[in-house]
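Under the UniProt record's numbering, the residue at position 219 of the sequence shown is numbered 219, and the numbers go up by one with no gaps. All C-beta atoms in this analysis are idealised placements derived from N, C-alpha and C, irrespective of residue type, glycine included. Structure first, commentary second.
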Amino acid sequence: MTNQPPAPNAFCFLCCQQGSEPALKAELDDRKWRLAFSRPGFVTLKNVAADSGEAESAQATLPSGIFIRTASWSIGKVAGEESDRLAGQLSELLREANLPKPDLLHLWGRDRLPVGERGFMPGNEPLTEAVADFLAAKLHEEDLIASPMANQIARPGDRVLDVVMVESNQWWVGWHEVVSAVDRWPGGTFPMNRDREVISRAYYKTSEAIAWSGFQLHEGDQVVEIGSAPGGSVQRLLELGLHVTGIDPAEMDESIMEHSNYRHFRARGGDIKRHHYAKTRWLLVDSNVKPEKTLTTVENIVQHRDTSITGMLLTLKLSSYERAIDIPIWLDQIRSWGYTNIRARQLATGRTEICVAASI
Numbered sequence: 001m002t003n004q005p006p007a008p009n010a011f012c013f014l015c016c017q018q019g020s021e022p023a024l025k026a027e028l029d030d031r032k033w034r035l036a037f038s039r040p041g042f043v044t045l046k047n048v049a050a051d052s053g054e055a056e057s058a059q060a061t062l063p064s065g066i067f068i069r070t071a072s073w074s075i076g077k078v079a080g081e082e083s084d085r086l087a088g089q090l091s092e093l094l095r096e097a098n099l100p101k102p103d104l105l106h107l108w109g110r111d112r113l114p115v116g117e118r119g120f121m122p123g124n125e126p127l128t129e130a131v132a133d134f135l136a137a138k139l140h141e142e143d144l145i146a147s148p149m150a151n152q153i154a155r156p157g158d159r160v161l162d163v164v165m166v167e168s169n170q171w172w173v174g175w176h177e178v179v180s181a182v183d184r185w186p187g188g189t190f191p192m193n194r195d196r197e198v199i200s201r202a203y204y205k206t207s208e209a210i211a212w213s214g215f216q217l218h219e220g221d222q223v224v225e226i227g228s229a230p231g232g233s234v235q236r237l238l239e240l241g242l243h244v245t246g247i248d249p250a251e252m253d254e255s256i257m258e259h260s261n262y263r264h265f266r267a268r269g270g271d272i273k274r275h276h277y278a279k280t281r282w283l284l285v286d287s288n289v290k291p292e293k294t295l296t297t298v299e300n301i302v303q304h305r306d307t308s309i310t311g312m313l314l315t316l317k318l319s320s321y322e323r324a325i326d327i328p329i330w331l332d333q334i335r336s337w338g339y340t341n342i343r344a345r346q347l348a349t350g351r352t353e354i355c356v357a358a359s360i
């Protein structure tokens, strides 16, 4: 049996990295949201305004936050042991909900492990891809969604049907409208070819960070990365045609060292004379040190009279989610350097850390 669909905008569900749930919940406005059902990496909320009447509920917006990977208005859930039966229940649920026809389907699984544990990275796997393809074709044939193709990158303004496999036999169903870059990606995870050979997983993290930030990095731009070894991030930057300076006391991959657009300083970021940053437009930092040390190093660079860095992607290692309480302090510090456009997000490819995008 399917659940009866809730009143419009009465409930929503959020996906996040396993372990980040307390930090996510701490960001929520308890005047607007009340916690409901949760599983590791998956949180449902009740819209408090729903108790005040449908008009207020309909005007609500989905919650946003540093640790929220995706947010969807909930339609309900379906449960069962066979995909055919689950698909039939889903069709019934959508007809009962009588919502505007979605443009396309995004289907993904709840994170089964914390990112990095046993090599786990979010993103669709063969099982979810097979289910998504089957479901999109079926729903399109039944005139319940516009596109027969599953997990395509959505367009701005698209209405997306979201199906989360919280368990293999329990699917939560919702929808969202595309208003930002991450809204376009299935499960809020930047689509990448995971079969290609990369030097390290930092390749994926930098790819996601650039796409999320919206920074316009142009061929020939000068970039410095502090914490560059072994070179996964630099690999991506060089692919984009950038001129990269890497700073790290550890060794870089040989293929990076041989690249004509790369130079390396085997040192720490704070040890390099400031004139080496003079032509730098973009700064990336991903060092295994406390956030305070990262910010001190960066401040000494960007506040120097010889530097004029336009934008930064800073990875701040949390060590534990209890440190999330200090994030506003760190962002205020960055803002005090003259970087007025600041956003922070826990990337799908990141571990217990956040990425800060800051630009002038």
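Looking at the DSSP output, G109 sits in a beta bridge with M165.
DSSP, read as helix, strand or coil, puts F67 in coil.
Distances from the alpha-carbon of A357 to those of T206, D253, S228, V289 put T206 closest. Rounded to whole angstroms, the separation of the alpha carbons of D111 and S91 is 25 Å. In the three-state reduction of the DSSP assignment, F190 falls in the coil class. Spatial neighbours of P40 in its own chain (CB-CB distance under 6 Å, excluding positions within 5 residues in sequence) are listed in chain order as Q18.
The C-beta of S233 has 16 or more other C-beta atoms within 10 Å across all chains shown, which makes the residue buried. The three-state reading of DSSP puts F134 in helix, counting H, G and I together. In the displayed model, N300 falls within a helix according to three-state DSSP. Spanning the alpha carbons of S200 and T315 requires a straight line of approximately 16 Å. The Cβ neighbour count for I329, taken over all protein chains shown within 10 Å, is under 16; the residue is labelled exposed. Bounds of the beta strand (DSSP E) holding T44 are 42–47. If the five residues before and after A211 are omitted, its C-beta is found closer than 6 Å to the C-beta atoms of F190, all from its own chain and listed in chain order.
Annotation: the continuous alpha helix (DSSP H) that includes L94 extends over 83–97. Inclusion of E27 and S38 in the CB contact set at 8 Å is not warranted, their separation being larger than that value. Between the beta-carbon of A71 and that of H176 there is about 7 Å, and that keeps the pair under the 8 Å contact cut.
Taking C-beta separations shorter than 6 Å and ignoring five residues to either side along the sequence, the partners of T280 in its chain run Q222, V224, I309, following chain order. Within the same chain, Cβ atoms closer than 6 Å to the Cβ of A278 are found at D306, the five residues on either side in sequence being excluded. Distance from the Cα of E125 is smallest, within the candidate group S83, N151, Y262, for N151. DSSP lists L283, A358 as the beta-bridge partner residues of M312.
Contact check between the region 62–78 and the region 340–356: three or more CB pairs, one atom from each, fall below 8 Å, which counts as touching. Counting only runs of 3 or more residues that sit fully inside the UniProt domain "Ribosomal RNA methyltransferase FtsJ" (199–275), the beta strand (DSSP E) segments are 222–226, 243–247, 262–265, in chain order.
Annotation: the continuous beta strand (DSSP E) that includes Q170 extends over 170–177. V160 sits close to A154, with the two beta carbons spaced by under 8 Å. DSSP places R39 inside the beta strand (DSSP E), whose first and last residues are 33–39. In its chain, beyond the 5 residues on either side, L313, A357 have a beta carbon closer than 7 Å to the beta carbon of S213.
Annotated as proximal: A10 and A50, with beta-carbon spacing under 8 Å. According to the DSSP assignment, L14 belongs to the beta strand (DSSP E) that extends over 11–15. R335: not part of any beta strand (DSSP E); member of the alpha helix (DSSP H) spanning 327–335, first to last residue.
Counting only the Cα atoms, Y321 lies some 11 Å from I327. With respect to S319, T297 sits apart: the two C-beta atoms are not nearer than 8 Å. Burial check for Q216: the Cβ neighbour count within 10 Å stays below 16, so the residue is exposed. In the displayed model, A60 falls within coil according to three-state DSSP, outside both helix and strand. In the three-state reduction of the DSSP assignment, E142 falls in the coil class, being assigned neither a helical nor a strand state.
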